[in-house]
Amino acid sequence: MKHTFTFIKMIVLVVVFSFKLNAQCTFTSPFGGATVTSTVAGTSVTLSTCNYGGEYAPTTFSVTGPFVFGSSVASDYITITDASNNILAFGPQPLAATIPTVGLYWVHFATSGPPTCGTQNNCRVTTVMAAYPPCTGMPSAGTVPASFSICPNTSAVITSTGTTAASAIVYQWQQSPNGTTGWTNVTTGSGFNTASLSTASLTALTYYRLVVTCTTSAMSATSSVLSVNPNKPVSLCYCATNLGGSNCSGDFITNVSILSTGFNNTSACLSNTLNGTYSQFPPSATTSASLMIGATYSISITTNNNNIESLWIDYNQNGIYEASEHTQVCLTSTASVATIATFTVPGTALAGQTGMRVRSRLNGNQNGPNDACLNMGSGECEDYVVTIVPATACTGVPNAGTAISSSTLVCAGSVVNLSLSGATVSSGLTYQWQSSPNGTAWTAIPGATTVPVSRTITAVTYFRCIVSCGTNTATSVAVQINIQPPPVAGVISGPNNVNSTSVNSYTVAPATGNLQWYRGTSSNGPWTAVTGATANISSIIANPPGVLYYAVIASFPGCLSDTTNAAYTVTVNPAPGDNVCNAIPLSIGTSTVYYKLQGCTTQSGEVVPPGGNCQTSTTWCNTNLDNTRWFTFVAPLSGHVKIHAPDFDTQVAIWKASNCNGLLSPSTATLISANDDDSTYTTSGGVIYSSLVYAACLTPGATYYIQLDSYSPATAADSTRLMVTDMGSPLNASFTGLNATYCVNGAATTLAPATAGGVFTIGTNTVSGNPIFVPSAAGNYTVTYDIYGCKTQSTTVVSVCTSVSELDNTNGALTLYPNPAAEVLTVMVSNEQVFGTIEVYDIIGKRLTQAPINQREVVLNVADLAKGVYVIRVNSKSGEVRTGRFVKN
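Numbering of the sequence shown is given in my numbering, commencing with residue 7 and proceeding in unit increments.
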């Protein structure tokens, strides 16, 4: 989510609504809303699963009555307004409020109350629930579990189920060291005044109970007692949340084995939002092993990519994978080829069950001794339980098992690690490795008397091991090591003049071994590995614009890599649309063309819409430009179009300029409309944070510019269609509700647009929704409604009017006939009033006309007056005032 306010926006908001603010927080950015249709107590409706502090939820009530408004963030502050932003209720959540009439309301969420009214870009779940009636009599405290165990130094969550569902209920959790005496109110942790308690971190057995009080009856009930014991086995208490990983897209573990034991686990990849890419395996014949103190073992790890691999075993059983308990299995594995490393159980290891963790990550990244709990951007984590056992002396004839090697195919001069699989593990054993060129004639290797042992390979060689317990000996099954031809990188071929963002195929030949393509900005580097380019024929995205160089490194485990191939020069031209004067013309209608933004650049002075609100039709979330690409379209006859970029997190703007270079300065370009986040993406067919905007009142046949940008730097996977749809008919941008004239402090009116979604400007104040025009001071006012580039203006006059009661408070009456009058009205005045003035007022005291009196009978034409009651006022030269009323029919 990206819904933020700029400081300027906040200041404008305070100015516009300063006459309404008291102890509440209102905002102008909507996100997430719902319709409430039930008054059944306890019925809850989710407004949004990801409101921010600083947004409001537009909520339609088709029922009235008491409701409770809540947020998953306990410290939030809620303000409820109607659609015209009149305050209904406010206070800390949960907030109880009565909805008086059906209709639209706004539920505003702040991180703190006034005067701060804090905002925050963290998701919170927001709800509204039909309120329960007040409690009566004895409440129910519900039930809690009898007991449960937790990990040492962690907290527990205790929830009482079946408590009385009513308002006017007070909760208080209590704790005791023995469950019988010494009960005190819980004041640490959180939720100790709710039906669900999250305790503080516990190190000792603690007992809890819940006291529930009905404040209307002053009666209390107490739940049963629950014991919480921080004695969970340490093997189940290791860090396992927020570990990150690849989301099973790659770099995951396919097999873990401890050779010479039954531990041999082939696994699938699992991933979830709580843990990351993570699996936990309970002990079994193939997922656990007994490891003897002082013994050396070989671990085998296989992954589906070239990875850095790590092993931890919690030898001191303190629940922490420490750097001293780490084994670096390898820095660069080979995809689908087992990597074998050895580890020795230290003499200080504690006997009993303990944890073992294996982690993989894309090679070249962090996965070292201190990273057992690191949130990684790739790879996988797997947890196991092993049993540490004391050393036991060997007896009888041992089992020599099978000789194994870290690799059975190597280049000449490579070093291999030799070990045993399935051999007896105990103290008192001795070892002697032998070698043979043919598997028949064997020779003891001087000094090769340990397991494991390392050897340098210069030719095809067989190895086996003699295992002895005293005079009893056994011979292992032999392993053969073969010689691999050295890797070859070959020569690169492919297109050498391409457009940025295009995908092009390149070949290296002849090529043997494991291949990795690299990209550089000079023929000497520095070099960056091209993700996924590991075949002799690979597709590579061209970016950024300029001259690039491609190279290939061929490798094989234990061999010297071949880096001798010549760097291949590629000229990358700016992508079509990367320059404002190289915009891509679009046709009206649907499109199946996907446009990439990675590699596209911004130009000096390039225009950008204002920032501050993600979901309007005139702004973006911010004014950052990352990877802009430009397009043009010709306005259809309707002058009304929809622009949709539905496929990833984009931001779109529609501009008008006399020529393309006019887009390089705000003074020569006019913003028609803009959008960052489409609030209707679920119904409009886009993904979350995709963009959709309308443009209207366009000149048919004129050319307009579309600016497409990624919200954050685009990746190779980011692409979108860009579709221009003719809406078929011109947009109605008119509005109603503004009278031609008003009296000062007269009745206010609500302004209503024919097409919602734009903004009103009243004087210098800009507001969205349906604002109210309040005639608070005399003067001429211009009201403008602006939507998708269309503007409608109307002017009204606010006058100081004399009230009817003031007109009637005079010293006499006039002769008026006929009364009621249809077309003419005759007013008979006295001789003293001739050469005075005569005035006509409407019923609210607004003067309609004034004229001199030249004779005793004055005939007035009233045909054009609306039906109703009017007041005649005659002012004589001497100051005498007389009035009368007539009815126009």
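Using N, Cα and C, we set each Cβ at its ideal position, and we do this for glycine too.
If we count Cβ pairs, one from each stretch, closer than 8 Å, do we get three or more for the segment 75-83 versus the segment 97-105?
The answer is yes - the segment 97-105 touches the segment 75-83, with three or more Cβ pairs under 8 Å.
May I have the straight-line CA-CA distance separating L27 from T117, to the nearest angstrom?
On the sequence shown, position 21 is the one that residue 27 refers to. On the sequence shown, position 111 is the one that residue 117 refers to. Residue confidence is low: L27 scores 38 on pLDDT, short of 50, so the model does not pin down where it sits. No coordinate-derived value is stated.
Over the uninterrupted beta strand (DSSP E) stretch that includes S411, give me the two end residues.
Translated into positions along the sequence shown, residue 411 becomes position 405. That run of the beta strand (DSSP E) goes T408 to S411.
What residues in its chain sit with their C-beta under 6 Å from that of V514, if we drop five residues either side in the sequence?
Residue numbering aside, residue 514 sits at position 508 when the sequence shown is read from its first letter. Closer than 6 Å at the Cβ level, and outside the excluded window around V514, lie G496, I498, N542 and V558.
From the DSSP output, in three-state form, read off P64 for me.
In the sequence shown, residue 64 corresponds to position 58, counting from 1. Here P64 sits in strand by DSSP.
Determine the closest residue to P642 out of Y600, I649, P672 and G707, with distance taken between C-alpha atoms.
In the sequence shown, counting from the first residue as 1, residue 642 sits at position 636. It is G707 whose Cα lies nearest to the Cα of P642.
Tell me the DSSP bridge mates of K894?
Start at 1 with the first residue of the sequence shown, and residue 894 comes out as number 888. DSSP lists A827 and G874 as partners of K894.
For N786, I'd like the list of residues in its chain whose CB is within less than 7 Å of its CB, leaving aside the five on either flank, ordered along the chain.
Here the question's residue 786 lines up with position 780 in the sequence shown. So the list reads T801 and V803, once near-sequence residues are dropped.
Helix or strand or just coil, what does DSSP make of N376?
Position 370 of the sequence shown, counted from the start, is the residue given in the question as residue 376. Reduced to three states, the DSSP call for N376 is coil.
CB L211 to CB N235, shorter than 9 Å?
Translated into the one-based positions of the sequence shown, residue 211 becomes position 205. Translated into the one-based positions of the sequence shown, residue 235 becomes position 229. Cβ distance < 9 Å, so L211 and N235 count as in contact.
Can you tell me which of V586, S511, T788 and V392 puts its alpha carbon nearest to the alpha carbon of A548?
Stepping through the sequence shown from its first residue, residue 548 is reached at position 542. It is S511.
How many Å lie between Y700 and G383 at the Cα?
Within the sequence shown, the letter at position 694 stands for residue 700. Within the sequence shown, the letter at position 377 stands for residue 383. Answer to the nearest angstrom: the Cα atoms are 38 Å apart.
Taking all protein chains shown into account, do 16 or more other C-beta atoms lie within 10 angstroms of the C-beta of S697, making it buried, or fewer, making it exposed?
As a first step, residue 697 is located in the sequence shown; it is residue number 691 there, counting from the start. Classification for S697: buried.
Under a three-way DSSP split, which group does L249 fall into?
To locate residue 249, count along the sequence shown from 1; it is residue 243. L249 falls in the coil class under three-state DSSP.
For V20 and S623, what's the separation of their Cα atoms in angstroms?
As a first step, residue 20 must be located in the sequence shown, where it is residue number 14. As a first step, residue 623 must be located in the sequence shown, where it is residue number 617. Interpretation of V20 is limited by its pLDDT of 32, a score under 50 that renders its predicted location unreliable; no figure is taken from the coordinates.
Taking the alpha helix (DSSP H) that T49 falls in, what are its first and last residues?
What you label residue 49 is simply residue 43 of the sequence shown in a count that begins at 1. Taken as a continuous stretch (DSSP letters only), T49 belongs to no alpha helix (DSSP H), as it is neither H nor E.
D870: buried (16+ other C-beta within 10 angstroms of its C-beta) or exposed?
Counting from 1 along the sequence shown, the entry for residue 870 is found at position 864. That one is exposed.
Use the C-beta contact count for P501: other C-beta atoms within 10 angstroms, 16 or more gives buried, fewer gives exposed.
Looking up residue 501 in the sequence shown gives position 495. Exposed is the call here.
List in chain order: all unbroken beta strand (DSSP E) runs of 3+ residues lying wholly within the segment 576-612.
none
Quick one: what does DSSP say E886 is sitting in, helix, strand or coil?
Within the sequence shown, the letter at position 880 stands for residue 886. E886: coil per DSSP, three-state reduction.
Which class does C666 belong to by DSSP, given the choice of helix, strand or coil?
Looking up residue 666 in the sequence shown gives position 660. The answer is helix: DSSP assigns C666 an H, G or I state.
Quick check on Q30: does DSSP put it in helix, strand or coil?
Counting from one through the sequence shown, the residue named residue 30 turns up at place 24. DSSP places Q30 in coil when its eight states are reduced to three.
Under 6 Å Cβ to Cβ from V2, same chain only, skipping five residues before and after it: list those, please.
Residue 2 is absent from the structure shown; the chain starts at 7 and stops at 895.
Is R879 helix, strand or coil when you go by DSSP?
By 1-based counting over the sequence shown, the position of residue 879 is 873. R879 falls in the strand class under three-state DSSP.
Assign A783 to one of three DSSP states: helix, strand, or coil.
As a working mapping, residue 783 is identified with position 777 in the sequence shown. A783: coil per DSSP, three-state reduction.
What's the gap between the Cα of P396 and the Cα of T55?
Here the question's residue 396 lines up with position 390 in the sequence shown. Here the question's residue 55 lines up with position 49 in the sequence shown. Whole-angstrom Cα-Cα distance: 53 Å.
How would you call N895, buried or exposed, if buried means at least 16 neighbouring beta carbons within 10 angstroms?
Taking the sequence shown and counting its residues from 1, one reaches residue 895 at position 889. So N895 counts as exposed.
Does the distance from the CB of N667 to the CB of T674 come in under 9 Å?
Indexing the sequence shown from 1 puts residue 667 at position 661. Indexing the sequence shown from 1 puts residue 674 at position 668. Closer than 9 Å, so yes.
Jot down the residue ranges of each uninterrupted beta strand (DSSP E) in the segment 189-272, minimum 3 residues, whole runs only, in chain order.
202-204, 212-220, 225-228, 232-235, 259-265 and 270-272
Whose C-beta lies closer than 8 Å to the C-beta of N261 among residues of the same chain, with five residues either side of it excluded?
One-based indexing of the sequence shown puts residue 261 at position 255. When the five nearest sequence neighbours on each side are left out, the beta carbons in the same chain lying within less than 8 Å of the beta carbon of N261 are those of N270, N271, T272, S273, S306, I307, T308 and A344, in order along the chain.
Classify Q799: buried if its beta carbon has 16 or more other beta carbons within 10 angstroms, exposed otherwise.
Working through the sequence shown from its first residue, we reach residue 799 at position 793. Classification of Q799: exposed, given that the 10 Å Cβ count is below 16.
Among the candidates S474, N503, T518 and T479, whose CA atom is the shortest distance from the CA of P491?
Within the sequence shown, numbered from 1, the residue matching residue 491 stands at position 485. Nearest Cα to P491 within the set S474, N503, T518 and T479: T518.
Quickly, what does DSSP pair F154 with across the bridge? List them, please.
Counted from its first residue, the sequence shown places residue 154 at position 148. Partner(s): V234.
Measuring only the C-alpha atoms, how far is K883 from V789?
Numbered from 1 along the sequence shown, position 877 holds the residue referred to as residue 883. Numbered from 1 along the sequence shown, position 783 holds the residue referred to as residue 789. Answer to the nearest angstrom: the Cα atoms are 42 Å apart.
Within this structure, are the beta carbons of A739 and I793 separated by less than 9 Å?
For the purposes of this step, residue 739 is identified with residue 733 of the sequence shown, where counting begins at 1. For the purposes of this step, residue 793 is identified with residue 787 of the sequence shown, where counting begins at 1. Their beta carbons are under 9 Å apart, which means A739 touches I793 by this criterion.
Quick one: grab the DSSP three-state call for N505.
If you number the sequence shown from 1, residue 505 lands on position 499. Residue state, collapsed to three classes: strand.
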